[in-house]
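Undergrad: Just dropping this structure here.
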Amino acid sequence: MRPTKNPTINKWLDEMEALMTPDKIVWIDGSEEQLEALRAEACATGEMEKLNDELLPDCYLHRTAENDVARVEDRTFICSRKEEDCGPTNHWMEPQAAYEMLYDIARGRYAGRTMYVIPYSMGPVGSEFSKAGIELTDSIYVVLNMVIMTRVGFDVLEALGDSNDWVRGLHAKCDIDKEKRYIAHFPEDNTIISVNSGYGGNVLLGKKCFALRIASYQGKQEGWMAEHMLILGITRPGEETKYVAAAFPSACGKTNLAMLIPPKAFADKGYKVETIGDDIAWIRIGEDGRLYAINPENGFFGVAPGTNENSNFNALASTKKGAIFTNVVHNLDNNTVWWEGLDKNPPENAVDWLGRKWNAEISKANEEAESDPAKKKLARSGAHPNSRFTAPAENCPCISEKFKTGEGVPLSAIIFGGRRAKTAPLVYQSRDWNNGVFVGSIMASETTAAAAGAVGVVRRDPMAMLPFCGYHMGDYFGHWIEMGKKLGDKAPKIFNVNWFRTDDEGNFIWPGFGDNLRVLDWIVSRCDGTVDADETAIGYVPKADDIDLEGLDFSKEQLEGILEVDNAMWASEADGIEEFYKKFGDKLPEELTNQLNNLKARLK
Ligand code: GTP
Ligand code: SPV
Ligand code: MN
49 MRPTKNPTIN
59 KWLDEMEALM
69 TPDKIVWIDG
79 SEEQLEALRA
89 EACATGEMEK
99 LNDELLPDCY
109 LHRTAENDVA
119 RVEDRTFICS
129 RKEEDCGPTN
139 HWMEPQAAYE
149 MLYDIARGRY
159 AGRTMYVIPY
169 SMGPVGSEFS
179 KAGIELTDSI
189 YVVLNMVIMT
199 RVGFDVLEAL
209 GDSNDWVRGL
219 HAKCDIDKEK
229 RYIAHFPEDN
239 TIISVNSGYG
249 GNVLLGKKCF
259 ALRIASYQGK
269 QEGWMAEHML
279 ILGITRPGEE
289 TKYVAAAFPS
299 ACGKTNLAML
309 IPPKAFADKG
319 YKVETIGDDI
329 AWIRIGEDGR
339 LYAINPENGF
349 FGVAPGTNEN
359 SNFNALASTK
369 KGAIFTNVVH
379 NLDNNTVWWE
389 GLDKNPPENA
399 VDWLGRKWNA
409 EISKANEEAE
419 SDPAKKKLAR
429 SGAHPNSRFT
439 APAENCPCIS
449 EKFKTGEGVP
459 LSAIIFGGRR
469 AKTAPLVYQS
479 RDWNNGVFVG
489 SIMASETTAA
499 AAGAVGVVRR
509 DPMAMLPFCG
519 YHMGDYFGHW
529 IEMGKKLGDK
539 APKIFNVNWF
549 RTDDEGNFIW
559 PGFGDNLRVL
569 DWIVSRCDGT
579 VDADETAIGY
589 VPKADDIDLE
599 GLDFSKEQLE
609 GILEVDNAMW
619 ASEADGIEEF
629 YKKFGDKLPE
639 ELTNQLNNLK
649 ARLK
């Protein structure tokens, strides 16, 4: 018996059951009893390992296949009916051909297995921002992650009623065959099919697949926005809380900024930061004409390496109960986990992310290998650079009340940013909304381990949405311009930040992490109109005296260095932008062409 009478759900399930031929069907109701049984089963089969219940209660370890550790952008498809709706930055497949090919790969692959049916909501059930999905999977790991990352349960079905406004998601592990791995989206059918992977971003279909690729398309149709953004609240002493959203590419600091701990000098004055979201924002225009954002997720799927008590205390605290760790080091001495950058005490007796014996000696060699080639032979990292934790948002010490209610927070500022060793200053403000859309559209960043492929290569990643926009990026830019027209003078101010400027030895100059609040503080002052700025060719840059460096060992000269805008460098940047813009042909909004021309004129 199915727990819903919704005819659109039942029709799809009839088709999927016939296609996948499962031995058994289990509906996930989200009850603790059911989840406990699934955890036990996953431990019995070796899919997961239960960690030390005193140190890490209800926490589990999982290792993916070696070839399956990150998103696969070259195997990710947007199957719009017309190729031109997919656009030049996505891979396209004709939908009918795609369904046939994918169904051929998936056919019968649940035979001898259980089909788990996961009804879930992105956003709190009942919030006007929220949307429902159903994911089918043959992986308990996926079920348990979805339970942390989304709201799972039958109340989702009740809230949906007979509506057809829900996203179909079919996931099958198949053989984890790299050559037959596909992450395919059918925006016009509200459908996602993912085969031959078990890695988070490819298989937790509520996350990037639905909440960004499908939802960005829905947002364009329905007049809202789905963005790759964190959302945080800042409360300055004696003032009301201001909210900002920030888009940085994968592994460029969203989780860290969202949960930052104010530096002592700021904490002493009474500054507070709270987290609404760390990866995805759904944004709508509210009744008062301002932009309001919610976090559609219910947990964090965060980068483990580099997370420690100092860099991100709140993220680490979030992983202390009910978390799942993927591809980190298993410390066999106390049955806990470890990763590079957690602390200076790598375990003596451990297993690395590939399941091989690993220890502190290997870890030491790994650290020294760069300066001492003799160490190369022994050296290997224990955790994969894209190893992750899945943690319930409610564990986070600084989670906002507003996260829980899903009522949406009004945005004062939108921030773009990426990893740029040179070129981009620490922070600058755009001239107005359209100029801000231009700033977002020209974002560039060094690639990271979050996606398969080369690391450290600068690529254009507009609004951090290059891998996540479910339709033509030129139309997406147009949607941003349109939203600005509707917002008028109620539009948030738009900024760009870069925490990653390096010196001649390649070291980061700006201390980053908690100290980024010093930059957010300037941003909020600009929104309030209480601080001046210097006008440059690219926008407004702080006067060095206006960034509060109290308690920080960082000179005004160093600050001036990273606030500098080098016009010669920007002239060559402008050439790169022109080249990039050509991709979009006549879908590029003329507002952006004008913005580029104006920039060039100012640089002359
Ligand atoms: P996704 O989950 O992939 O979307 O990543 P994210 O944008 O949430 O990135 P995250 O906050 O997990 O940070 C990724 C890496 O950047 C980690 O190794 C951090 O230690 C590092 N990082 C974050 N903030 C800063 C910063 O301000 N300065 C420097 N130098 N590194 C940072
Ligand atoms: C990202 O890559 O931007 C992530 C991790 O947040 S994943 O869910 O794999 O996309
Ligand atoms: Mn992300």
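Per this note's numbering, the sequence shown runs over residues 49 to 652.
Note that the Cβ used here is the ideal one computed from N, Cα and C, for glycine as well.
(1) Over what stretch of residues does the beta strand (DSSP E) that includes residue 218 continue unbroken?
(2) Measuring only the C-alpha atoms, how far is residue 284 from residue 448?
(3) Do the CB positions of residue 548 and residue 556 come within less than 8 angstroms of each other?
(4) Over what stretch of residues does the alpha helix (DSSP H) that includes residue 67 continue unbroken?
(5) Can you tell me whether residue 31 is helix, strand or coil according to DSSP?
(6) Measuring CB atoms only, is the stretch 607–624 touching the stretch 467–475, in the sense that at least three cross pairs come out at less than 8 angstroms?
(7) Applying the 10 Å Cβ sphere with the 16-neighbour rule, what's the burial state of residue 49?
(8) Since residue 462 is in the beta strand (DSSP E), which residue starts that stretch and which ends it?
(9) Taking Cβ to Cβ, would you say residue 328 is nearer than 8 angstroms to residue 259?
(10) Between the Cα of residue 248 and the Cα atoms of 118, 507, 567, 147, which residue gives the shortest distance?
(11) Can residue 338 and residue 477 be called in contact, C-beta distance under 8 angstroms?
(12) Starting from residue 543 and walking both ways along the beta strand (DSSP E), at which residues does that stretch end?
(13) Cα-Cα, which of 527, 325, 234, 487 is closest to residue 171?
(14) Inspect the beta-carbon positions of residue 246 and residue 226 and report whether they are closer than 8 angstroms.
(15) Of all the options 570, 484, 545, 179, which has the alpha carbon lying nearest to the alpha carbon of residue 216?
(16) For the stretch 225–303, which segments carrying the alpha helix (DSSP H) assignment without a break, of at least 4 residues, lie completely within its bounds, in sequence order?
(17) Would you mind sorting residue 419 into buried or exposed? The rule is 16 or more other CB atoms within 10 Å of its CB.
(18) If you draw a straight line from the C-alpha of residue 491 to the C-alpha of residue 469, how long is it?
(19) Quick one: is residue 391 buried, meaning 16 or more other Cβ sit within 10 Å of its Cβ, or exposed?
(20) What number of angstroms, rounded off, separates the C-alpha of residue 594 from the C-alpha of residue 588?
(21) Assuming the contact rule is C-beta atoms closer than 8 angstroms, residue 303 and residue 254 should be a hit. Round their C-beta distance to whole Å, please.
(22) Quick check on the DSSP output: the alpha helix (DSSP H) that includes residue 410 runs from which residue to which?
(23) Using DSSP's beta-bridge definition, name the partner residues of residue 330.
(24) Whole-angstrom Cβ separation of residue 196 and residue 363, contact assumed at under 8 angstroms?
(25) Based on Cα-Cα distance, which residue from 488, 69, 538, 59 lies nearest to residue 336?
(26) Within the 8 angstroms Cβ cut-off, does residue 464 reach chain B?
(27) Assuming the contact rule is C-beta atoms closer than 8 angstroms, residue 496 and residue 503 should be a hit. Round their C-beta distance to whole Å, please.
(28) Would you identify the three-state DSSP class for residue 204, choosing helix, strand or coil?
(29) Would you mind working out which of 84, 415, 162 sits nearest residue 72, comparing C-alpha positions?
(30) With a Cβ-Cβ cutoff of 8 angstroms, do residue 658 and residue 532 count as a contact?
(31) Tell me the DSSP secondary structure of residue 565 in three-state form.
(32) Compute the minimum distance between the beta carbon of residue 435 and the heavy atoms of the ligand MN, and state whether it is under 7 angstroms.
(33) Answer yes or no: the CB of residue 298 versus the heavy atoms of the ligand MN, is any distance below 7 angstroms?
(34) Shortest alpha-carbon distance to residue 200 belongs to which of 393, 79, 514?
(35) For residue 66, does the count of other Cβ atoms within 10 angstroms reach 16, so buried, or fall short, so exposed?
(36) Determine the extent of the beta strand (DSSP E) in which residue 168 is found, giving its start and end residues.
TA: A quick look at the data gives this:
(1) 214–220
(2) 15 angstroms
(3) yes
(4) 55–68
(5) Any property of residue 31 remains undetermined from this structure, which presents the chain solely from 49 to 652.
(6) yes
(7) exposed
(8) 457–465
(9) yes
(10) 118
(11) no
(12) 541–545
(13) 325
(14) no
(15) 179
(16) 248–251, 263–270
(17) exposed
(18) 13 angstroms
(19) exposed
(20) 13 angstroms
(21) Actually they are not in contact, since the Cβ atoms of residue 303 and residue 254 sit about 18 angstroms apart, beyond 8 angstroms.
(22) 408–416
(23) 274, 342
(24) About 14 angstroms; that fails the 8 angstroms criterion.
(25) 538
(26) The chain inventory of the structure shown lacks chain B, comprising one protein chain alone.
(27) 6 angstroms
(28) helix
(29) 162
(30) Residue numbering for the chain in the displayed model covers 49 to 652; residue 658 lies beyond these limits and cannot be assessed.
(31) helix
(32) no
(33) yes
(34) 79
(35) exposed
(36) 162–170
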